[in-house]
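Participant: Just dropping this structure here.
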Amino acid sequence: MSRKATKPAGHGVSRDIEIIYQENILDHYRHPHNFGGLADASFNRREANYSCGDEVELFVKLDGRGRVVEARFQGRGCAISQAATSMLTDHIIGLTKKEMVELDADDVAELLGVVVGPSRLRCATLGLKALQAGLESGTDKK
Amino acid sequence: MIMDKSSKKIDAKTIRRDFPMYAAKSGRPFVFLDSAASSQTPLQVLKAMDGFYRRCRANVHRGMYAASEQATEKYEAARRRVAEFIGSAPQEIIFTRGATESLNLLAHTLSKRLKAGDEVVLTVMEHHSNLVPWQQLAKRQGFGLKFVGLTPEMTLDMDAAKKLITPATKVVSVTHISNAIGTVNPVRELAALAHARGAVIIVDAAQSAGHRPLNVTDLDCDFLAFSGHKMLGPTGVGVLYGRRRLLDGLEPFLFGGDMILEVSLEDAVWNELPWKFEAGTPNIAGVIGLGAAVDYLNVVGLNSIRDHERALTAYALEKISGIAKVTVYGPPAGVDRGGVVSFTVGDIHPHDLSTILAEQGVCVRGGHHCAMPLMRYLKINGTTRASFSLYTSRQDIDALCRAIEKAKKIFKI
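And the structure:
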């Protein structure tokens, strides 16, 4: 993924609230892509921000060469967490495990098209956290 | 509600001169509506704590020198003021880190006597701090937990309470005012139910202390817990009140210095009340600050504060529930409630809403308010909560309403 000039959150980047809640974020929030479970997932992983009440469960199906062929999620929470996860499920199609492990908060910001403040960073990266925890240890037994 | 004769009208603008945060934030919008999480602190409290550090910085109860004696005197004077504040004896006031520690202390010490078959009765609206200690100790020791639910008006279901409080009940522990939805519980009636069954009653007064007059005799409670930082005091200090007879019968919660009279390698003799429950060097500055907060509240007047917050709450309920697509939770207008208004706006998640409000200088809390079971009971993810104090004005509520309108516009509702 190309690195645009996104800076780490909370480092003096000006944020206009109307930019954060721009059209595409609201669209993904109200009409999430790839929403639902996946019976034949290679792994699925649930992550939650308990202090916020955000939760997502990510289902990822890999092909024989370890590339993502399908990704779905279910969850509930704020617009940032749900939109970011929705965008992530689009974005990771075709990626390898290694490419997914390398994703970080900057990539999420690029998907969202906006850098969220420090208090919302955990919301933005919840889906990514589920993805990387799933990559590392497989399906959550919780 | 009858206006108390001693109630004077509060002018929030005048009050704010005592609160340096308002001066620090001048020039930018600062609409502070999160006092239920933690209140602002007046200069009088800061000065009292500063005075301790500058003029009598020493440990309490130990030194034979002047500074230590002065520190001890200030510390114990604060205890007397807190005792007076809730109508108890000074020996019945134990200083803790906060309401959470007070409630943990009680859960741990009281549950030592509980066994399988015994029950503790709570409500579904408890803050996690009055739920999780009991829940965890119940698992460990095998006693049962019962929960009183709500009526459709979001008040405590007293018919259910009457059925749930039985001879098996050993402890009833309830919040005085719900931090999440503002419900005021009929503590006196619950105390009568508990006492009739031989149980003790604990009241979590974190949301009522400093907001209305509080008297342990009127409430007829056996234990009362509250935090300093929600009643204009500093963070890190709280209070546990207990009836002397009951505290005398409890084992200490923490062991260490100050709580002990005599120690050998094999055994120890506990100090007398209240120090038996104050192990280690206490938060001396915090306690002195809390004493100053009590003085400040008394000067303004608890009746005046209660009436000010009631008027604001009524105004907020009217204004906020008048906005289309807004759902307000908690007892309906006309029913007594704390200075808390909890609401949702369309499909906007509370965290998105509070982020948008924050951008306009409106400080509120969004989420489950440390009352996840209550949110589940109400079948919601969370709410956005505006809460009031003596420095809150109608203009704050107007600003909140404008900010809600802006959020609706951004979310195209």
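Going down the list, the sequences are from chains S and B.
Quick note: the first sequence, position 47, residue 47 per my numbering, numbers continuous.
Quick note: the second sequence, position 325, residue 467 per my numbering, numbers continuous.
From the three backbone atoms N, C-alpha and C, an ideal C-beta is built for every residue, glycine too.
1) According to DSSP, is T469/B helix, strand or coil?
2) If you reduce the DSSP assignment to three classes, tell me which class K521/B lands in.
3) Taking the alpha carbon of A333/B as the point to measure from, which residue in S369/B, L264/B and L396/B has its own alpha carbon closest?
4) Taking Cβ positions only, does P492/B come closer than 9 Å to chain S?
5) Determine, using beta carbons only, whether L26/S comes closer than 9 Å to chain D.
6) Could you check the C-alpha separation between K548/B and M267/B for me, to the nearest Å?
7) Looking at chain B, is there any beta carbon in it that lies within less than 9 Å of the beta carbon of D54/S?
8) Determine whether the beta carbon atoms of T89/S and N34/S lie at a separation below 9 Å.
9) Find out if the Cβ-Cβ distance for the pair D437/B, Q186/B is shorter than 9 Å.
10) Taking the alpha-carbon positions, what's the Y519/B to V290/B distance?
11) What did DSSP end up calling D146/B once you bin it into helix, strand or coil?
12) Tell me whether the beta-carbon of E126/S lies closer than 9 Å to the beta-carbon of S86/S.
13) Looking only at its chain, what residues have a beta carbon closer than 7 Å to the beta carbon of E420/B, apart from the 5 residues adjacent to it on each side?
14) Am I right that N445/B and S148/B are in contact with their C-beta atoms under 8 Å? What's the rounded C-beta distance?
15) Mind checking the region 496-516 of chain B against chain S and listing, in chain order, the residues whose C-beta falls within less than 7 Å of any C-beta there?
16) Measure the C-alpha to C-alpha separation of A179/B and R507/B and round it to an integer number of angstroms.
17) Would G77/S pass as an interface residue toward chain B - the criterion being a Cβ-Cβ separation below 9 Å?
18) Is it right to say Y50/S is buried, meaning 16 or more other beta carbons lie within 10 angstroms of its own, or is it exposed?
19) Within its chain, find whatever has a CB closer than 6 Å to the CB of A545/B; leave out the 5 residues flanking it on each side and keep chain order.
20) Going along chain B, which residues have a C-beta under 7 Å from E144/S?
21) For the region 62-86 of chain S, which residues have a CB atom closer than 9 Å to at least one CB atom of chain B, in sequence order?
22) Among residues of its own chain, excluding the 5 on either side of K257/B, which ones have a beta-carbon nearer than 8 Å to its beta-carbon?
23) Return the bridge partner residues of T497/B from the DSSP annotation.
24) With a threshold of 16 other CB atoms inside 10 Å of the CB of L128/S, please say whether the residue is buried or exposed.
25) Leaving out five residues on either side along the sequence, give the residues of the same chain with a beta carbon under 7 Å from the beta carbon of Y471/B.
26) Any beta carbon from chain S within less than 9 Å of D176/B's own beta carbon?
27) For A528/B, which residues in the same chain have their Cβ closer than 6 Å to its Cβ, ignoring the five residues on either side in sequence?
28) Can you have a look at G391/B and say buried or exposed, based on whether 16 or more other CB atoms are within 10 angstroms of its CB?
29) Just by C-beta distance, which residues in the region 88-120 of chain S are closer than 9 Å to chain B?
30) Give the DSSP-derived three-state secondary structure of M1/S in the structure shown.
31) Does the separation of the CB atoms of I157/B and Y457/B fall below 9 Å?
Facilitator: In short, the structure shows the following:
1) strand
2) coil
3) Measuring from the Cα of A333/B, the nearest candidate turns out to be L264/B.
4) True, the Cβ-Cβ gap to chain S drops below 9 Å.
5) In summary, chain D is missing from the structure at hand, where the protein chains are S and B.
6) 31 Å
7) Chain B has a Cβ within less than 9 Å of the Cβ of D54/S.
8) In contact: T89/S and N34/S (Cβ atoms closer than 9 Å).
9) Contact: yes.
10) 12 Å
11) Confidence at D146/B is low in this model, with a pLDDT of 47, below 50, so its placement is unreliable and the value that follows should be read with caution. Three-state DSSP puts D146/B in coil, outside helix and strand.
12) Correcting the residue identity first, residue 126/S is Leu in this sequence and not Glu. Contact: no.
13) I236, F237, D400 and M401
14) 5 Å
15) T497, I498, E501, G509 and H510
16) 8 Å
17) yes
18) exposed
19) L499, Q502 and V504
20) This structure does not reach residue 144/S, given that chain S is present from 1 up to 142, and the question cannot be answered.
21) R76, G77, C78, A79, I80, S81 and Q82
22) Q283, G284 and F285
23) Paired residue(s): none; T497/B is not in a bridge.
24) buried
25) M296, I323, S484, F485, L520 and T525
26) Contact with chain S is absent for D176/B, since none of that chain's Cβ atoms lies less than 9 Å from the residue's Cβ.
27) L175, V483, V506 and L542
28) exposed
29) V116, G117, S119 and R120
30) At M1/S the pLDDT is 45, less than 50, meaning the model places this residue with poor confidence; the figure from the coordinates comes in the next sentence. Residue state for M1/S is assigned as coil, using DSSP reduced to three classes.
31) For I157/B and Y457/B, no; Cβs fall outside 9 Å.
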